[in-house]
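**Q** Under our numbering, think of the first position of the sequence shown as 110, with each following residue one higher.
Before we start, here is the structure in question, set down as structure tokens.
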Amino acid sequence: MREEKRLKIAIQKSGRLADMSIQLLEKCGISLAKSRDQLLCRAQNFPLDIFLVRDDDIPAFLATDVCQLGILGENGLLEKQALGNGKFAGLRQLLPLGYGRCRLSIAVPHDFDYQSIDSLNGKVIATSYKGLLAQYLADHKIDADIVTMEGAVEVAPRTHLADVICDLVSTGSTLVSNGLVEKDIILQSQAVLVTNQIDDPEIAALAEKVTSRIKAVLRAENSRYIMLNSPIDSLEAIKAVLPGSQSPTVMPLQGRDDMVAVHAVCEEGVFWDTMEDLKANGANSILVVPIEKMLD
Ligand code: ATP
Ligand code: ZN
């Protein structure tokens with residue numbers, strides 16, 4: 110019997126993206142074998158093998174076709190592409206995934222006189238993102254020295270290794286506790302689904318299936334199902350307030366000829382002020398519920 114072809118995806122083994130990446134696959138109905146200690150984990154109910162690796166290695170797994178899909182921070186991918194001498198040029202971002210959000214920023218000590226990016230001329234900048242930083246400096250015609258550090262970049266100014274830093278920031282609390290102030294954002298990043306050229310049509314079809322399941326999960330997560338009762342007279346006003354909904358279902362309400370029930374899928378955030386707007390337009394019994402799955 111011919112062996113079943115299996116798609117291979119690389120995700121971070123442990124770290125900031127690991128849990129969310131596993132959860133995303135699980136939400137796509139792909140259940141993983143329990144042990145996450147090994148490099149390779151076979152999905153139980155889908156022809157998919159999951160490689161649990163360091164995020165830095167994921168571009169190489171894709172470029173060498175060991176894996177056909179990967180999840181990593183856009184910052185990590187772009188840095189490899191900036192440094193890789195074309196080795197990673199063929200890697201393509203398929204989808205932003207909405208987690209692992211951070212930014213690559215220039216931060217300076219409190220007492221550093223920062224007027225504009227030009228203030229970095231002649232300075233020493235510590236970073237783990239030499240490729241992206243060098244590109245940014247070249248784009249802005251800044252002549253500065255780059256010191257590459259693997260970690261603990263934020264201590265570089267205090268230890269006089271560098272004047273300023275270029276590092277990933279999410280909440281900014283690490284900067285604050287090291288007496289640094291964020292000045293310039295080089296890149297906004299989040300986790301992304303990445304692929305390489307896939308030649309085998311069966312593997313390409315599996316990759317397409319996983320990608321469309323991920324899209325459906327993300328869409329459902331951003332969508333809500335709204336139910337409300339509306340006076341017939343204000344139906345148009347209420348439809349106009351419903352965020353990102355195409356064509357709501359309108360149904361009669363038993364025993365009421367002045368009111369109708371309105372059900373709609375809203376693909377944008379439904380916030381308290383949306384609900385208050387609906388109410389101000391005469392809606393009542395407003396219910397907002399999450400959607401578990403959605404496929405057109
Ligand atoms: P690995 O052991 O896999 O090499 P790592 O230490 O390089 O892990 P993490 O710190 O887990 O990596 O970060 C992984 C990714 O998470 C980053 O590349 C970035 O895309 C994202 N991220 C989100 N917020 C932050 C943050 N505040 N600091 C660093 N990375 C962040
Ligand atoms: Zn890493």
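All C-beta atoms in this analysis are idealised placements derived from N, C-alpha and C, irrespective of residue type, glycine included.
Keep in mind the model is a prediction, meaning the values are calculated, not measured.
Taking a contact to mean a Cβ-Cβ separation below 7 Å, would you say residue 404 touches residue 325 in this structure?
**A** Yes. Within cutoff.
**Q** Sorry if obvious, but does the Cβ on residue 187 come closer than 6 Å to a heavy atom of the ligand ATP?
**A** No - the ligand ATP has no heavy atom lying nearer than 6 Å to the Cβ of residue 187.
**Q** Mind checking which residues open and close the alpha helix (DSSP H) that includes residue 78?
**A** No answer is possible for residue 78: it lies beyond the span of the chain, which begins at 110 and ends at 405.
**Q** Under three-state DSSP, which class holds residue 286?
**A** Correct three-state label for residue 286: helix.
**Q** Does the segment 167-176 come close enough to the segment 282-291 to have 3 or more Cβ pairs within less than 8 Å?
**A** Counting Cβ pairs under 8 Å, fewer than three are found: no touch.
**Q** What residues are listed by DSSP as bridge partners for residue 293?
**A** Answer by DSSP bridge pairing, in chain order: 215.
**Q** Would you mind reading off the limits of the beta strand (DSSP E) that contains residue 120?
**A** It spans 116-121 - the beta strand (DSSP E) in which residue 120 sits, taken as one unbroken run.
**Q** Given the structure, does residue 125 come close to the ligand ATP, in the sense that its CB is under 6 Å from one of the ligand's heavy atoms?
**A** Yes.
**Q** What are the start and end residues of the alpha helix (DSSP H) that includes residue 190?
**A** Note, residue 190: alpha helix (DSSP H), 183-192.
**Q** What are the residues that DSSP puts in a beta bridge with residue 298?
**A** Answer is 211, bridged to residue 298.
**Q** In chain order, what residues of the same chain lie with their CB nearer than 6 Å to the CB of residue 119, ignoring the 5 residues before and after it?
**A** 160, 162, 167, 170, 176 and 179, listed in sequence order.
**Q** On the DSSP bridge assignment, give the partners of residue 180 in chain order.
**A** Per DSSP, 302.
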